[in-house]
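A short write-up of the structure that comes next.
This is the structure we're talking about:
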């Protein structure tokens, strides 16, 4: 964050990598994220990747309480999946939980994260 290296990971055999960043000390808001590769054999450093925007936000119970019963449960899960897979774009848009104008795996991730937090 703020141009600083926040973590390092080792890529898997096929090049896939994952990183978990603790955002507890990070201000809420949008952040531009970029990565680069450092070769392990010759320490060659790649150019920075294309930037991606990430948003740090607080837990939003209301966001995933789809039936408005003040509980997060299997009924909300069912409504989310129904909306997420709907052919009707208006219905489908109800599952755009990250507000990027698309309904995709990112919204699924937002739902699952909030579902887990709401059921602790």
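Residue numbers (the numbering used here): -16 to 103.
Note that CB positions come from ideal geometry on N, CA and C, so glycine has one too.
message = Could you check whether residue 86 and residue 76 sit closer than 8 Å to each other, using their CB atoms as the reference points?
response = On the chain shown, position 93 is the one that residue 76 refers to. On the chain shown, position 103 is the one that residue 86 refers to. Their beta carbons are under 8 Å apart, which means residue 76 touches residue 86 by this criterion.
message = Is it the case that the stretch 25 to 37 contacts the stretch 2 to 16, given that we only count it when at least three CB pairs across the two stretches are under 8 Å?
response = yes
task = Determine the extent of the alpha helix (DSSP H) in which residue 74 is found, giving its start and end residues.
result = Here residue 74 is taken as the residue at index 91 of the chain shown, counted from 1. Taken as a continuous stretch (DSSP letters only), the alpha helix (DSSP H) holding residue 74 covers 72 to 75.
request  = Going by DSSP, name the residue or residues bridged to residue 93.
outcome  = Position 110 of the chain shown, counting from 1, holds the residue named residue 93. Residue 93 is not bridged to any residue.
query = What residue from 69, 59 and 39 has the CA that sits closest to residue 7's CA?
reply = Stepping through the chain shown from its first residue, residue 7 is reached at position 24. Out of 69, 59 and 39, 39 has the C-alpha closest to the C-alpha of residue 7.
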